[in-house]
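To start, the structure under review is shown below, and the notes come after it.
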Amino acid sequence: MNKEEYFAEVYEQNKDKIYRLCLGFMGNTFDADDLLQEILIKIWSNLSSFKGNSSISTWIYRIATNTAILYSKRRNKLDNKHTRLTSHNEIIASSEVDSSKPEREINKLYIAISSLKEIDRIVIGLLLEGNSYNEIANITGLKISNVGVRINRIKKALNKKLKA
Amino acid sequence: MEQDIADWKNLWEEEKSSPINLDNLTKQLVKIEKKNKRDRILILITFPFTLIVLATILPLFKSYYYLFSIACICIGMLIILVQLYKSKIKKYSDEKDFNNQEFIKSNIKSLKESVITTSKYMWIYTALFLLGLNIGYIEILKSLDLLVRILIHSGVTLTILLFMYSGIKKRNKKNKKEILPLIDELQNLIN
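Line order of the protein sequences matches chains H and G. Taking numbering that gives the first Met the number 0 as reference, the numbering of the first sequence is continuous, increasing by one, and the terminal residue is 163. Taking numbering that gives the first Met the number 0 as reference, the numbering of the second sequence is continuous, increasing by one, and the terminal residue is 190.
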């Protein structure tokens with residue numbers, strides 16, 4: 000299998016997972032698409048350094064979350080530099096008017112997650128993707144006990160935001 | 000609480016990525032990869048090529064002045080190359096410990112190195128470059144009057160100093176505005 004075929008296979012298997020992490024991290028489809036593209040470029044250019052020491056999905060989660068952290072820092076700086084006319088979160092919010100109830104709930108969840116601290120966004124995103132505490136600790140570098148504490152705190156914060 | 004997580008998980012999984020043209024993306028990525036490879040090879044060739052050209056043009060081993068001159072400039076260039084290598088961001092290998100925390104730490108380290116390159120090592124390079132250039136000029140200008148030689152040495156030194164000063168100052172300002180706040184923000188993430 001050549002690099003192009005391998006990349007296509009990796010993309011097909013992981014595209015939705017990565018996209019959801021991007022959307023949870025950024026809170027709007029515009030930035031999420033941009034971030035997804037950046038992650039795909041990183042995956043492509045680092046594919047040859049993947050030796051199989053960990054599972055491909057753990058490796059992809061690491062790339063995705065590391066890229067998201069830097070992307071969000073750069074984005075914040077750009078936002079501070081050029082005041083945008085409309086916040087992208089507002090774009091999502093305005094689309095809620097025409098959307099059905101489940102869609103509204105989905106949007107609300109993603110917006111609530113994107114308002115958490117960066118590391119917390121990653122932790123909850125990974126949890127909702129079905130990763131165990133151990134895997135989350137592995138990807139983030141946090142201690143397992145810390146992951147547990149954070150998840151409890153995130154649950155409370157999200158409940159508060161979603162019920163508001 | 001567990002029910003909340005289960006409900007959120009169901010909502011979370013409803014989102015799907017929009018389809019992209021993977022063939023086009025792959026073609027572009029291959030193109031960028033080829034260009035980067037070409038650039039890397041070019042940089043690798045340029046340094047020894049410059050040395051060979053200089054060694055051919057200047058009678059290096061006939062005059063200690065030329066030899067010292069080239070040695071100073073080469074040491075300066077090597078110092079900057081080492082610094083550039085140190086400020087390079089680590090590749091995404093699948094090492095077990097290359098997690099978010101390690102990635103942030105490695106980024107902070109790279110960013111700090113790039114700040115030091117401008118604030119410290121570019122001055123060391125400037126000093127070595129000027130030293131090398133002036134030593135070379137001693138030999139090149141030896142047939143001219145002392146006053147003319149002093150004028151040329153001072154003129155060239157001042158011009159290069161001014162040029163480097165403005166470049167380094169501009170870069171330092173940019174670092175202060177962009178890199179230092181980023182380092183602070185990244186540091187906050189791991190604290």
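Every residue, glycine too, gets a C-beta built ideally from N, C-alpha and C. For clarity, every value in this text was computed on a predicted model and none was experimentally measured.
Which chain G residues sit within Cβ distance under 9 Å of residue i?
| i | result |
| --- | --- |
| tyrosine 18 (chain H) | Glu14, Lys15, Ser16, Ser17 |
| aspartate 15 (chain H) | Glu12, Glu14, Lys15, Ser16 |
| isoleucine 105 (chain H) | Leu10, Trp11, Glu13, Glu14 |
Count the other CB atoms within 10 Å of the CB of residue i; is the residue buried (16 or more) or exposed (fewer)?
| i | result |
| --- | --- |
| glutamine 36 (chain H) | exposed |
| lysine 34 (chain G) | exposed |
| leucine 80 (chain G) | exposed |
| aspartate 30 (chain H) | buried |
| alanine 63 (chain H) | buried |
| isoleucine 72 (chain G) | buried |
| arginine 83 (chain H) | Annotation note: pLDDT 47 at arginine 83 (chain H) (below 50); position unreliable, no value reported. |
| tyrosine 63 (chain G) | exposed |
| glycine 129 (chain H) | exposed |
| tryptophan 122 (chain G) | exposed |
| lysine 168 (chain G) | exposed |
| leucine 185 (chain G) | buried |
| glutamine 82 (chain G) | buried |
| arginine 19 (chain H) | buried |
| threonine 85 (chain H) | Any reading at threonine 85 (chain H) needs caution, since the residue's pLDDT is 45, under 50, leaving its predicted position unreliable; the model's value is listed next. The residue is exposed, with fewer than 16 neighbouring Cβ atoms inside 10 Å. |
| alanine 5 (chain G) | exposed |
| valine 148 (chain H) | exposed |
Assuming residue i is part of the alpha helix (DSSP H), what are its boundary residues?
| i | result |
| --- | --- |
| serine 68 (chain G) | 63-85 |
| aspartate 119 (chain H) | 117-127 |
| leucine 136 (chain H) | Per the sequence presented here, residue 136 (chain H) reads as alanine, with leucine not at that position. First-last of the alpha helix (DSSP H) with alanine 136 (chain H): 132-139. |
| serine 144 (chain H) | 143-162 |
| lysine 111 (chain G) | 99-115 |
| phenylalanine 49 (chain H) | Phenylalanine 49 (chain H) -> no alpha helix (DSSP H), and no H or E assigned at all. |
| glycine 23 (chain H) | 2-25 |
| leucine 140 (chain G) | Careful: leucine 140 (chain G) lies outside any alpha helix (DSSP H) and carries neither H nor E. |
| leucine 146 (chain G) | 145-173 |
What residues from chain H crowd round residue i, counting only those whose CB sits closer than 7 Å?
| i | result |
| --- | --- |
| lysine 8 (chain G) | Leu127 |
Quick one: list the residues of chain G neighbouring residue i, beta-carbon separation under 7 Å, in chain order.
| i | result |
| --- | --- |
| glycine 147 (chain H) | Residues of chain G passing the Cβ test: none, with the nearest at roughly 13 Å. |
| glycine 140 (chain H) | Asn98, Asn99, Gln100, Glu101 |
For a contact meaning CB atoms closer than 8 Å, what does residue i contact in chain G?
| i | result |
| --- | --- |
| leucine 69 (chain H) | Asn106 |
| lysine 72 (chain H) | Leu181, Glu184, Leu185 |
| alanine 7 (chain H) | Leu21, Thr25 |
Cβ closer than 9 Å: which chain H residues qualify as neighbours of residue i?
| i | result |
| --- | --- |
| leucine 110 (chain G) | Within 9 Å Cβ-Cβ: nothing; leucine 110 (chain G) doesn't reach chain H, min ~10 Å. |
List the residues of chain H that residue i touches, going by C-beta distances under 8 Å, in chain order.
| i | result |
| --- | --- |
| leucine 188 (chain G) | Ile68, Glu117, Ile118 |
Query - Residues within the segment 113-127 of chain H neighbouring chain G, beta-carbon criterion of under 9 Å - result: Lys116, Glu117, Ile118, Ile121, Ile123, Gly124, Leu126, Leu127
Query raised in the report: the segment 52-65 of chain H: which residues have C-beta closer than 7 Å to a C-beta of chain G, in chain order?
Result: Asn52, Ser53, Trp58, Arg61, Ile62, Thr64, Asn65
Query raised in the report: Along the segment 28-39 of chain G, what residues have a CB closer than 9 Å to any CB found in chain H?
Result: Within the segment 28-39 of chain G, the residues whose Cβ lies closer than 9 Å to any Cβ of chain H are, in chain order, Leu28, Val29, Ile31, Glu32, Asn35.
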